[in-house]
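Q: So that we are looking at the same thing, I have put the structure below in structure tokens.
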Amino acid sequence: MRQYIIFTYCLLFAAPVFAQVPDAAVKEYNTALQYHLKKKDSLAYVAMHKAIQTYPGYAEAYSTLG
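So in this note's numbering, spot 15 of the sequence shown is number -5, and the numbers just go up one at a time.
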């Protein structure tokens, strides 16, 4: 039981560390999504790459990019 509690504790406090994406990267990501919705795919591509340049660990941006 003690191991389960320690494991759960580690998961709860480690998860936010991986989820912290800088605001600038999130802004570029959202801009890219808006461009994509407006069928401006070349601008969306550029904005998505800016998001990745801002935060190279942005897995969601890589996934969306394809």
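Note that the Cβ used here is the ideal one computed from N, Cα and C, for glycine as well. Remember, it's a predicted structure, so these values are computed and weren't measured experimentally.
#1: I'd like the span of the alpha helix (DSSP H) that includes Val26, first residue to last.
#2: Along the alpha helix (DSSP H) that carries Lys18, what are the first and last residues, could you check?
#3: Which whole-angstrom value is the C-beta distance of Ala41 and Met28, which I expect to be below 8 Å?
#4: For a quick check, are the C-beta atoms of Tyr25 and Ala4 less than 9 Å apart?
#5: Examine the ligand FAD and report whether any of its heavy atoms sits within less than 8 Å of the Cβ of Asp21.
A: From the atom records:
#1: 21 to 34
#2: Here Lys18 belongs to no alpha helix (DSSP H), and DSSP marks it neither H nor E.
#3: 6 Å
#4: no
#5: The ligand FAD is not among the ligands present in this structure, which contains no ligands whatsoever.
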